[in-house]
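Reading through the structure tokens given below for one structure.
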Amino acid sequence: MQVAASTRCFSDLPIAQACFHLDDMGYDKVELWLDEQSDHLKPSEVLVDPER
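Take any residue in the sequence shown, note its place counting from 1, add 3, and you have its number in this note's numbering.
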């Protein structure tokens, strides 16, 4: 079984820290939260440079 959590759970932290915490907590998968109002990932930025 795989268990995932969203980076939105740590929306007050930078995306890298949010992913680190989720990994540290033992989650197998991470759902990336994309939102134009967020400091994590903005959909418009991902569209311009998806490899970033």
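For each residue, glycine too, the CB sits at the ideal point set by N, CA and C.
The structure presented is a predicted model; accordingly, all values stated were derived computationally and were not measured.
Checklist entry - For V33, which residues from the same chain have a beta carbon less than 7 Å from its beta carbon, with the 5 sequence-adjacent residues on both sides left out? => result A7, A8, T10, C22, L25
Item to check | Terminal residues of the beta strand (DSSP E) in which S41 lies | outcome: Neither: S41 is in no beta strand (DSSP E) and is coded neither H nor E.
Checklist entry - Since V6 is in the alpha helix (DSSP H), which residue starts that stretch and which ends it? => result Premise fails: V6 is in no alpha helix (DSSP H) and is neither H nor E.
Checklist entry - Three-state secondary structure (DSSP) at L16? => result coil
Checklist entry - Between which two residues does the alpha helix (DSSP H) harbouring E48 extend? => result 46 to 51
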